[in-house]
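>
In the working numbering, the protein residues as written are 7 to 1142.
1) How far does the alpha helix (DSSP H) with residue 736 in it reach, from first residue to last?
2) Using 8 Å as the cut-off, can you tell me whether the region 242-252 makes contact with the region 277-294, which would need three or more C-beta pairs spanning the two stretches below that distance?
3) Kindly indicate which residue of 371, 316, 929 and 334 has the alpha-carbon position closest to the one of residue 342.
4) Can you give me the C-alpha to C-alpha distance between residue 211 and residue 271, rounded to a whole angstrom?
5) So what does residue 716 bridge to, in DSSP terms?
6) Would the region 489-498 and the region 735-747 be scored as touching if the rule is three or more Cβ pairs under 8 Å?
7) Identify whether residue 115 lies in helix, strand or coil by the three-state DSSP scheme.
8) Just curious, the alpha helix (DSSP H) that residue 667 is in, first and last residue?
9) Among 785, 304 and 109, whose alpha-carbon lies nearest the alpha-carbon of residue 184?
10) Name the residue from 888, 133 and 910 whose alpha carbon lies nearest to the alpha carbon of residue 1010.
11) Report the three-state DSSP secondary structure of residue 26 (helix, strand or coil).
12) Are the region 152-172 and the region 190-201 touching, with three or more C-beta to C-beta distances below 8 Å?
13) Near residue 34, which residues of its chain fall below 8 Å by C-beta distance, leaving aside the five closest residues on each side in sequence?
14) Taking just the CA atoms, how far does residue 860 sit from residue 483?
15) Mapping DSSP to helix, strand and coil, what is residue 809?
16) Spell out a yes or no on whether the region 836-853 and the region 1046-1062 are touching, meaning 3 or more CB-CB pairs, one atom from each, closer than 8 Å.
17) With three or more beta-carbon pairs closer than 8 Å as the criterion, would you say the region 1093-1111 touches the region 750-761?
18) For residue 258, tell me which candidate among 61, 332, 586 and 64 has the shortest Cα-Cα distance.
19) Pairing CB atoms from the region 888-901 with CB atoms from the region 614-633, are three or more of them under 8 Å?
20) Identify the continuous alpha helix (DSSP H) that holds residue 365 and give its terminal residues.
21) Suppose you measure from the CA of residue 1098 to the CA of residue 802; what does that come to, to the nearest Å?
22) Identify the continuous beta strand (DSSP E) that holds residue 1034 and give its terminal residues.
23) For residue 408, which option in 86, 314 and 790 has the closest C-alpha, if you only look at C-alpha atoms?
24) Just verifying my parser: in three-state terms, what is the DSSP assignment at residue 416?
25) In this structure, what does DSSP give as the bridge partners for residue 279?
26) Assuming residue 593 is part of the alpha helix (DSSP H), what are its boundary residues?
27) Let me check one thing: in DSSP terms, what residues is residue 168 bridge-paired to?
28) Please state whether DSSP places residue 200 in a helix, a strand or coil.
29) What does the Cβ neighbour count give for residue 119, buried or exposed, with the cut at 16 atoms within 10 Å?
30) Residue 505 and residue 756 look like a contact to me (Cβ under 8 Å); what is the Cβ gap, rounded to whole Å?
31) Among 1070, 276, 543 and 1016, which has the Cα closest to the Cα of residue 413?
32) Between the C-alpha atoms of residue 117 and residue 167, what's the straight-line distance to the nearest angstrom?
33) Taking 9 Å as the cut-off, decide whether the C-beta atoms of residue 736 and residue 695 are in contact.
34) Provide the residue span of the beta strand (DSSP E) that contains residue 511, from first to last.
35) If you reduce the DSSP assignment to three classes, tell me which class residue 704 lands in.
36) May I ask which residues mark the beginning and end of the beta strand (DSSP E) holding residue 12?
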């Protein structure tokens, strides 16, 4: 069966598409055009999938048809001469924007799916990676090769076709962001690519000049963004009407089954030639080369077109005759022909009327353009139509090539020809036709051009390169770094400003001791503050030494937990997170009040007071005088005592207990003190400016005389006062260890000098910084930092997204079509992972996260609560802990409340109360349920608890011996948790948890402890291609090519809001300094003139920290309009 297929379209759910792009209008348009098989498009979008299920029915294998009642209504709008069966094939276009090597790649691919089950499985996988809900063509930070792998894993019948492979901005061979070969793009999976879409700006002969395409079937499709754009390019098949038959024809290229393509004249495509649309410069490849690739009008790089790119990759004059070759037929859409005849726009009513007349008389559009004789076409009595189609079939037309996003033009008649051919006797009145001769374009005088020289910061050799170590440990270290690495004996204090190679120096020093000095790795202890930092330190040392056994590189809290566990081998301790800490403090408040004590102090104040007491190493009975308010002190003491008792009988520690208890152990237990002092002969402390009193005393206990003690940090980056840290410990190091050797690192290898100079101006009156502490980089780049003023916090979020869109070079063709991106002005090579947005409060982050996500920009937020605090994940972890006999009352209540336990709220409260009163662990109480007096809990209610306990035991038995990952999966499936709590089982947080669990195999204790000890910054995955959003505190130690600091307003920076005690202004300055110095190349400071604060809209002023920066360093960025002009039939645009 012969049929025409258009395999690349979009739906109304895609950006910049018509509102009427639905199945009804596609069905009608397909019949008008003469097309039998139409891609659904957008089959990854949940909304479109819902419409597929609602409006379509399975037809032939792998194909779908419109439901009968819907198609019957649609048929009424189709002339009898055009009616035909229409089928849909599941397909979607996916945009991959990612870094590969040092280059940002922007590739569009078409995926085809054999059935809905496969589509849902595939979509579930993609949903774990990025946002598939905001755009019908999702934007993912996913390597094209990995996309193909996921597709093939979903079904071996699924297949992928690279889309419009030559367009400059978003394609496999694109001049701006593509590759030079299929293998370079798809790697080991390249053999699975058997077809490629050529796009509007090229035709088969052009493609056959590239031998890499010799064994591929070349297809052409419309990429329609509105129904009547369907079929402007299409494919001709002669096969059974089914998904397998279509795939087979494409895969084999059998010329009996795949009969060829209908094509635009390549000159009609909007990227055929080189040039600049704004400058009205259109060049051939030869002219571009003669101009050195520079526009003679504006002096900026030209947009390189498809013809030029084909010339670059061409390695043969004509296609290899031994490979696939199919006919192709060049076309001009009927609407465009009528537009030329009538001399009016193709979307006018006049063209529409004659289009309808042609179809009513002659049949569908493809029949008119290709099948009917010229004599038959003349019968339609539309003057010049027969002559126009004859000329197009014979290629007797004039083509004005498209360039830089502007479509080419087809000229069938000139003015005099049309006048002559029309004559004076036709019913057409020449007065109805535009007789005006085309205006000659004015030529612009070309100014003297100085080519723009790009300063490539990414080409600057980084001194902090983690992965390229070769040769001697001391290679590539500067003088100060070498001195620090080779120093031995006396205590060493290294003051290292941002980007000066702090981690590099520390890890090289450790490696130097192991590799050059023969120090046993077991005798080295390196302490830092985050799981991520400790892991990076460990990996770097391992890479440098090649040693199988690496030193103990760990966090303070992990070290303390291990030490406590080692000294108390008969007990198994667990650490609770902030959420459970609040649960047990709340329980302690209830206990106190249940015993007649009045607790009037605010709950959050009680929590903060207990934390403060522990940070300052005060047990409950020693807090007298710590708080000024006597009532507050009394109530805090009562709750603190009961809280500690709750933790004690359950063998639990909170975050602060770990430091507190180890200090007591090391200072009071002489055996332990000597044991650990002897064990660790070399001690390293990272971020020494951030230690608190407890951590200080641990270091003093482990290294009392400072022998072989090395601490590194920067007092200008002391920002954790809220957790008890105090910069005085760094400043007093010289007093603590008089024999100290102090070395200062002041060469920055991260940021441009502009960023460093501007950040120093903020800091210079902070109380820690002086001219002597300035750092320098001599890295040249953008000479200013951008200041972005917006009307509101939502406008601020949208503006940030728009600047990202510009800097990444556009996220889709709409970026260029609507002039949102000046493509040729783009010189940097940024991907989404190059951006970070920093803010002072989590609430700011939520607004920005939601805005970027809704615009389809892949992003991740550094917030531990979002990663492990979600209901689905927290219930799953709690149940796992209960099966391991390590659950708490918090875990039990969480699981019981959110699953079908049959245990009511009042019964639960009585059960927990009785267990706590008797100092039973939760598992012990479940085992002893029969001992609870009937007056407390009736026998029937006890039976429910007993039954739930048996369910825990049953699952415990079933998962015994499994890896942690498989245990989690078993519990998830057995309890059907996701359905019961109405959360998506494909949620990214769950999948991240399952992925992370792989690294722990069967080590449950380490798994749970690491989750409890992770901080916000540990929630960021450095290897994913997403924008990173985080608080400034969480950004410490990280770096990004482009940084946006949001909320640069007085009240946020410095922070003065809420019930928080008055902030230390100097610490707030240091915090802003830290934020600024995360940026490597570009820095933007954004602020809103109005912001919602505690439910009220308030006028905001620019932060005094920004005002402190000299005007020469600041550039007020152009205000971005938040609402573009409405385009006819256009539905969605980014940030509209």
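Glycine residues also receive a C-beta, built at the ideal position from the N, C-alpha and C atoms.
Every value quoted in this text rests on a predicted model; they were computed, and no experiment measured them.
A quick look at the data gives this:
1) For the purposes of this step, residue 736 is taken as residue 730 along the chain shown, with counting starting at 1. That run of the alpha helix (DSSP H) goes 734-737.
2) no
3) Counted from its first residue, the chain shown places residue 342 at position 336. Of the listed residues, the one whose Cα sits closest to residue 342 is 371.
4) Translated into the one-based positions of the chain shown, residue 211 becomes position 205. Translated into the one-based positions of the chain shown, residue 271 becomes position 265. Whole-angstrom Cα-Cα distance: 12 Å.
5) Numbered from its first residue, the chain shown carries residue 716 at position 710. For residue 716, which the question treats as bridged, DSSP gives the partners 498 and 690.
6) yes
7) Sequence index remark: in the chain shown, residue 115 carries index 109 (1-based). It is a strand residue.
8) In the chain shown, counting from the first residue as 1, residue 667 sits at position 661. Counting along the chain, the alpha helix (DSSP H) containing residue 667 begins and ends at 661-674.
9) Taking the chain shown and counting its residues from 1, the one referred to as residue 184 is at position 178. The candidate whose alpha carbon is nearest that of residue 184 is 109.
10) As a working mapping, residue 1010 is identified with position 1004 in the chain shown. Checking every option, the nearest Cα to that of residue 1010 belongs to 888.
11) The residue given as residue 26 occupies position 20 in the chain shown. Three-state DSSP puts residue 26 in coil, outside helix and strand.
12) yes
13) Within the chain shown, numbered from 1, the residue matching residue 34 stands at position 28. Excluding sequence positions up to five before and after residue 34, its CB lies within less than 8 Å of the CB of 80, 83, 84 and 233, all in the same chain and listed in chain order.
14) Here residue 483 corresponds to residue number 477 of the chain shown, with the count starting at 1. Here residue 860 corresponds to residue number 854 of the chain shown, with the count starting at 1. Spanning the two alpha carbons is a distance of roughly 45 Å.
15) As a position in the chain shown, residue 809 is number 803, starting the count at 1. Three-state DSSP puts residue 809 in a helix.
16) yes
17) The region 750-761 and the region 1093-1111 do not touch, with fewer than three beta-carbon pairs separated by less than 8 Å.
18) For the purposes of this step, residue 258 is taken as residue 252 along the chain shown, with counting starting at 1. Residue 332 holds the alpha-carbon nearest to the alpha-carbon of residue 258 among 61, 332, 586 and 64.
19) Touching, no.
20) Within the chain shown, the letter at position 359 stands for residue 365. 355-368 is the span of the alpha helix (DSSP H), which, as asked, contains residue 365.
21) Sequence index remark: in the chain shown, residue 1098 carries index 1092 (1-based). Sequence index remark: in the chain shown, residue 802 carries index 796 (1-based). Each residue's Cα considered, the two are about 13 Å apart.
22) Counting from one through the chain shown, the residue named residue 1034 turns up at place 1028. That run of the beta strand (DSSP E) goes 1033-1037.
23) As a working mapping, residue 408 is identified with position 402 in the chain shown. Taking only the C-alpha atoms, the option nearest residue 408 is 314.
24) Position 410 of the chain shown, counted from the start, is the residue given in the question as residue 416. Of the three classes helix, strand and coil, the one that applies to residue 416 here is strand, per DSSP.
25) Looking up residue 279 in the chain shown gives position 273. Answer by DSSP bridge pairing, in chain order: 409.
26) Position 587 of the chain shown holds residue 593. 584-600 is the extent of the alpha helix (DSSP H) around residue 593.
27) Here residue 168 refers to the residue found at position 162 when the chain shown is read from its first residue. Answer by DSSP bridge pairing, in chain order: 115.
28) Locating residue 200 in the chain shown gives position 194, counting from the first residue. Residue state, collapsed to three classes: coil.
29) Counted from its first residue, the chain shown places residue 119 at position 113. Result: buried.
30) Here residue 505 refers to the residue found at position 499 of the chain shown. Here residue 756 refers to the residue found at position 750 of the chain shown. Contact holds; Cβ gap of about 3 Å.
31) The count along the chain shown starts at 1 and reaches residue 413 at position 407. With distances taken between Cα atoms, residue 413 lies closest to 276.
32) The residue you call residue 117 lines up with position 111 of the chain shown. The residue you call residue 167 lines up with position 161 of the chain shown. Rounded to whole angstroms, residue 117 to residue 167 spans 6 Å at the Cα level.
33) Counting from one through the chain shown, the residue named residue 736 turns up at place 730. Counting from one through the chain shown, the residue named residue 695 turns up at place 689. Taking 9 Å as the Cβ cut-off, residue 736 and residue 695 qualify as a contacting pair.
34) Taking the first residue of the chain shown as 1, we reach residue 511 at position 505. Here residue 511 belongs to no beta strand (DSSP E); instead the alpha helix (DSSP H) covers 508-521.
35) The residue given as residue 704 occupies position 698 in the chain shown. Helix, per DSSP.
36) Working through the chain shown from its first residue, we reach residue 12 at position 6. 8-12 is the extent of the beta strand (DSSP E) around residue 12.
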